[in-house]
Each structure stands twice: as C-alpha cells, then as structure tokens.
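Positions 918 to 1320 (our numbering) are the ones given, in order, by the sequence shown.
Using N, Cα and C, we set each Cβ at its ideal position, and we do this for glycine too.
Following: one structure in structure tokens, then a few remarks.
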Amino acid sequence: MEANFLSTSSAGLPSLTQTASRRLPVTVITGFLGAGKTTLLRHLLLESGLRLAVLVNEFGEVGIDGDLLRSCGFCPEEELQGRLVELTNGCLCCTVQEDFIPTMETLLQRADQIDGIVVETSGLALPEPLVAAFGWPAIRSRTRVNGVVAVVDGEALAAGAVVADPASLEAQRQADPSLDHAMAIDHATAIEQLFEEQLEAADLVVVSRADCLDGAALERVRQRLQKSLRPGTPVLPVERGRLDPAVALGIDSPQFATTEGQHHQGAGHDPGLGHHQEPHQELHGDHDHHLEQDPHGEHDHHDHAHVAMESMVVELAGKFGRIELEQTLLDMIRSRGLVRVKGRLWQANKALPLQIQAAGPRLECWYEGQLAKQPAQPCLQLVVMGFGLDQGAIRDQLAALAC
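The structure is reproduced here in structure tokens:
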C-alpha cells in the first residue's frame, strides 16, 4: 500500500480540444510556512500560459507575502486587482463562510476573463474544509477542484522534521486566534497531526529543494511520506519550484492541442525539470462525483526516481460502461503510476460527453458539453501522463472494456 515516488522531466504533452466548461478548474496549494508554495506558484503563473486568478491566504506580517506574486509579472498591472486576492483575516479553513465563499463569488463574476483559480493556503490551514466548501450551492455548479497539491520541505523531512523553521510556524500560529486546530497543549504533536492531515488530503505531493538531497536523503523523505499518503498519490521532487504546469494544474495548457484524431507534441517544457525530476461505489444518474482509492486496498509500488515523465493519447472506438471505466482508471492510477488523466467518453445514449479528470487518486467525472464535434460513433478519448508508462498494456486494458 505505497504511493508512487516519482521524478519529473521535460516533455511536450498533447491534450484534448479545450472544453467549453462553465466550471472553472481550481487548484489548491497547501503546505507549511517556508515549504516552497510561493516559489511553485510563481513558476506556474509564469509558465502555464493560462489566465489564472490567485487567492492567497495570509495575515498580519506573518505568512505569504502577496508582493512576491505581484512582482513576478504574471499579468498586466491593470488586471492585478481582479486576479490577485489576499485574505488577511485569518486561516482560510477557519473562515470559509465569512471570507472564502464571498471572495469566490466575486472572482466568479469574472469567470469569462480567467481560465482557472489557484488557492494558496496559509501554512497552518487544513485543506479538507476548504475543498468541502466547493460543494456549497453558491459555487458548486461553477467550479471544480482540479487537485490538491501539498508542498513539503525536502531538506527538513530528510533531517527528521516537518518544517525547517519551527519558530516562524509558531509565530504564525500565535498570530491567528482562529487556529483552534493547531492550539493543542503539545504543540509539536499538533504540528505533526496537521502535517499528516495535509498529506492525507493531497492528490499530488511536491518535494521542494530536491537538488539539495542525495539518493539516501530522498529515500528517507519517501519513507516518511509513504505512511500518510493515499494509494496512487504521486510524489514529485523538484528544484526551485520548477514543475510542469500540466502536472500541477491539469492538462489544460493552451500550447498543447489534439484535434480530430491528429496528435502533435506541444511546446517543450523547462529542461531544468529533468534533473530531479476509491473503492468502487455505485453511481447513478448524471450528477458529478468524486472517487478515491481505497486507503486499505492493495497497492503496487513503482520506484520512478529516475524515470522521465511521459504522455500518451488513447482513442478507442466502442461502447464503454461508465462504472467499469471509472473503476479501471482508479486501478490504473494505483498500479501503473498515472499522474494525470483528462478526456471524455462519448456514449450512444447520452447527448453530452462524459468529461473525465484525474489528479493522482482524485477522479471526477461529469456530463457537460464542449466545443469538439461529436464523433460518428461512441468512443473514448484520453490523454494520460505518468512515469514508465506501458502504453500497449494501458491501451489493451482500456480496450478490453469496450463492447
């Protein structure tokens, strides 16, 4: 029952034609103070090619400085007010109703001007209440959680700690009276528990400062993380926040395109990436839903510490059952090292295609229209990202579902 320990490298990635979704993708970035969240976010803002809005949670003089994001030039000066929002009234997971929901409603008024939203939490935030807030009626039909990315300090973990600067983290805790979940008598125990909860909520884990770690140190980090992660959760060592935006944000970057069965590689990514680089449930109707791996299920571990990121396109004609397809995708995420999956299923008895999105063990499927012309016959279209992909076996496993 182990999570995949992976490395990333540069690679052009094909993707499906953009969907005309009324639901904006939202990526949540979490992690302790000093773990490297802002460094990662700056890279994503500059390299994704997407018009992203950013919601940053900070308070007082402690936390993340929004000036670091303003100064990176990710958008024109005149757009900053509408695309960078700072919440300074306390930990976001504790002020969901008072601050988060109204802020999201304001951002969604500009939905036609942005491609997605990134939420960077404070260092002591619990991700789960924040993710649950996206189920609120006011925003449920207009957003979808594209993934929870947890950033951890590789150097600190290798040294046996969860945070490099405990004093700063303690100052952050004391500065925010709303942090009841971090106010245990045994503060060290509370921080360890919070770290565990951040990992348990993660769909992807980014290990920062990997360039400062040798093989033995990376192995210690892997062992520390392994016990807390859900099966199928990728662990991605990075240098200076340089992670392929398609991995962190989903396969949506506009520089990649696949249309009417013609596949081509998009623009290459930062070559610097190459160095380190749910049990089944019954589903009914056309509602959207999330599936996750069974935390008690079997998991085959694959050591991909030196394997490059790969991508592949799968297009298969035939009729596919939704339930069987979803379960198979979850099994493949667990056993075949899949990191991201994006696609659609065209069904003979449905007017709209089934949209498919996966980030690590998080799988979401929903019916929604899009720009591409409906094919002449039912079919499955997927883009898959992962490490050491056995492309023939993946195609064969999916093809076996067709009837």
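Straight-line CA distance for R1261 to A1268?
-> In the sequence shown, residue 1261 corresponds to position 344, counting from 1. In the sequence shown, residue 1268 corresponds to position 351, counting from 1. Taking the straight line joining both Cα atoms gives about 13 Å.
Status (buried if at least 16 other CB within 10 Å, exposed otherwise) for A1119 | Residue 1119 sits at position 202 when you count from the first residue of the sequence shown. By the 16-neighbour rule on beta-carbons within 10 angstroms, A1119 is buried.
Inter-residue Cα distance where the pair is W1283 and E1243 = Position 366 of the sequence shown, counted from the first residue, corresponds to residue 1283. Position 326 of the sequence shown, counted from the first residue, corresponds to residue 1243. W1283 and E1243 have their alpha carbons spaced roughly 11 Å apart.
8 Å Cβ shell around L1025 - same chain, five flanking residues per side excluded = Your numbering for residue 1025 matches position 108 in the sequence shown. So the list reads L941, I1056, R1059, T1060, once near-sequence residues are dropped.
Identify which residue in R1141, R968, H960 has its Cα closest to the Cα of D1029.
-> Indexing the sequence shown from 1 puts residue 1029 at position 112. Measuring from the Cα of D1029, the nearest candidate turns out to be R968.
Inspect the CB distances between the segment 1039–1058 and the segment 944–956 and report whether three or more fall short of 8 Å.
-> Segments in contact, yes.
Ignore the nearest five residues each way along the sequence and tell me which others in L1246's own chain have a CB closer than 7 Å to its CB.
-> Here residue 1246 refers to the residue found at position 329 of the sequence shown. Excluding five sequence positions before and after L1246, the CB atoms of its chain that fall closer than 7 Å to its own CB belong to V1258, A1275, L1280, given in chain order.
State the Cα-Cα distance for the pair R1239 and Q1272, rounded to the nearest angstrom.
-> As a first step, residue 1239 must be located in the sequence shown, where it is residue number 322. As a first step, residue 1272 must be located in the sequence shown, where it is residue number 355. Using only the alpha carbons, I get a separation of about 11 Å.
Quick one: is A1293 buried, meaning 16 or more other Cβ sit within 10 Å of its Cβ, or exposed?
-> Here residue 1293 refers to the residue found at position 376 when the sequence shown is read from its first residue. A1293 comes out exposed.
Complete beta strand (DSSP E) runs within the segment 1233–1274 (minimum length 3 residues, chain order) = Within the segment 1233–1274, the complete beta strand (DSSP E) runs of at least 3 residues are 1255–1263.
List the residues that DSSP assigns as beta-bridge partners of M1229.
-> What you label residue 1229 is simply residue 312 of the sequence shown in a count that begins at 1. The partner list for M1229 (beta bridge, DSSP) reads V1301.
Separation of R1253 from L1233, as counted between CA atoms = Locating residue 1233 in the sequence shown gives position 316, where the first residue counts as 1. Locating residue 1253 in the sequence shown gives position 336, where the first residue counts as 1. Here the C-alpha atom of L1233 lies approximately 19 Å from the C-alpha atom of R1253.
Which of helix, strand or coil DSSP assigns to R1141 | Mapped onto the sequence shown, residue 1141 falls at position 224. In the three-state DSSP reduction, R1141 falls in the helix class (H, G or I).
Check whether P1278 and R1251 have beta carbons under 9 Å apart = The residue labelled residue 1278 in the question sits at position 361 within the sequence shown. The residue labelled residue 1251 in the question sits at position 334 within the sequence shown. In contact: P1278 and R1251 (Cβ atoms closer than 9 Å).
Which of the three DSSP states, helix, strand or coil, is assigned to E1285?
-> In the sequence shown, counting from the first residue as 1, residue 1285 sits at position 368. Coil.
Straight-line gap, D1313 to V1256 (C-alpha atoms, nearest Å) | Walking along the sequence shown from the start, residue 1313 turns up at place 396. Walking along the sequence shown from the start, residue 1256 turns up at place 339. Their backbone Cα atoms lie some 19 Å apart in a straight line.
Rounded C-alpha distance that separates G1235 from V1300 = Locating residue 1235 in the sequence shown gives position 318, counting from the first residue. Locating residue 1300 in the sequence shown gives position 383, counting from the first residue. The alpha-carbon atoms of G1235 and V1300 are separated by roughly 17 Å.
May I have the straight-line CA-CA distance separating F1237 from V1155, to the nearest angstrom?
-> To locate residue 1237, count along the sequence shown from 1; it is residue 320. To locate residue 1155, count along the sequence shown from 1; it is residue 238. In this model, F1237 and V1155 are separated by some 37 Å (Cα to Cα).
Cβ pair L1142, L1111 closer than 9 Å = The residue you call residue 1142 lines up with position 225 of the sequence shown. The residue you call residue 1111 lines up with position 194 of the sequence shown. Not a contact, by the Cβ cut-off of 9 Å.
Selection from D1161, E1227, F1017 that minimises the alpha carbon distance to F1304 = Start at 1 with the first residue of the sequence shown, and residue 1304 comes out as number 387. Out of D1161, E1227, F1017, E1227 has the C-alpha closest to the C-alpha of F1304.
Assigned exposure category for P1270 - 16 Cβ within 10 Å defines buried | The residue given as residue 1270 occupies position 353 in the sequence shown. Buried, because 16 or more other Cβ atoms sit within 10 Å of the Cβ of P1270.
With I1056 as the anchor, note down where its beta strand (DSSP E) starts and where it stops.
-> Here residue 1056 refers to the residue found at position 139 when the sequence shown is read from its first residue. Unbroken run through I1056 is the alpha helix (DSSP H), 1054–1057; no beta strand (DSSP E).
Between Q1291 and the rest of its own chain, which residues show a CB-CB distance below 8 Å, the 5 nearest in sequence each way excluded?
-> Within the sequence shown, residue 1291 is the residue found at index 374, counting from 1. Excluding positions up to five away in sequence, the list reads W1263, P1270.
Distance, L957 Cα to V1069 Cα | In the sequence shown, the residue the question calls residue 1069 occupies position 152. In the sequence shown, the residue the question calls residue 957 occupies position 40. When rounded, the distance between both Cα atoms is 11 Å.
Have a look at F1017, L962, L1306, N1266 and flag the residue whose alpha-carbon is nearest the alpha-carbon of M1249.
-> Along the sequence shown, one-based indexing puts residue 1249 at 332. The alpha carbon of M1249 has as its nearest neighbour, out of F1017, L962, L1306, N1266, the alpha carbon of L1306.
Could you check where the beta strand (DSSP E) with E1003 kicks off and where it finishes?
-> Position 86 of the sequence shown, counting from 1, holds the residue named residue 1003. Looking at the DSSP string, the run of the beta strand (DSSP E) that includes E1003 is 1001–1004.
How is the beta strand (DSSP E) around I1034 delimited, first residue to last?
-> Mapped onto the sequence shown, residue 1034 falls at position 117. Unbroken beta strand (DSSP E) run through I1034: 1033–1037.
Mind checking G1132: buried by the 16 CB within 10 Å criterion, or exposed?
-> Position 215 of the sequence shown, counting from 1, holds the residue named residue 1132. Exposed, by the Cβ-count rule.
Contact check, T944 vs G1033 under 8 Å by CB: the rounded distance?
-> On the sequence shown, residue 944 is found 27 positions in, with the first residue counted as 1. On the sequence shown, residue 1033 is found 116 positions in, with the first residue counted as 1. Approximately 7 Å separates the beta-carbon atoms of T944 and G1033; this is inside 8 Å, confirming the contact.
Anyone know if the C-beta pair for R1389 and L1074 falls short of 9 Å?
-> Past the edges of the chain, shown from 918 to 1320, lies residue 1389, and the structure says nothing about it.
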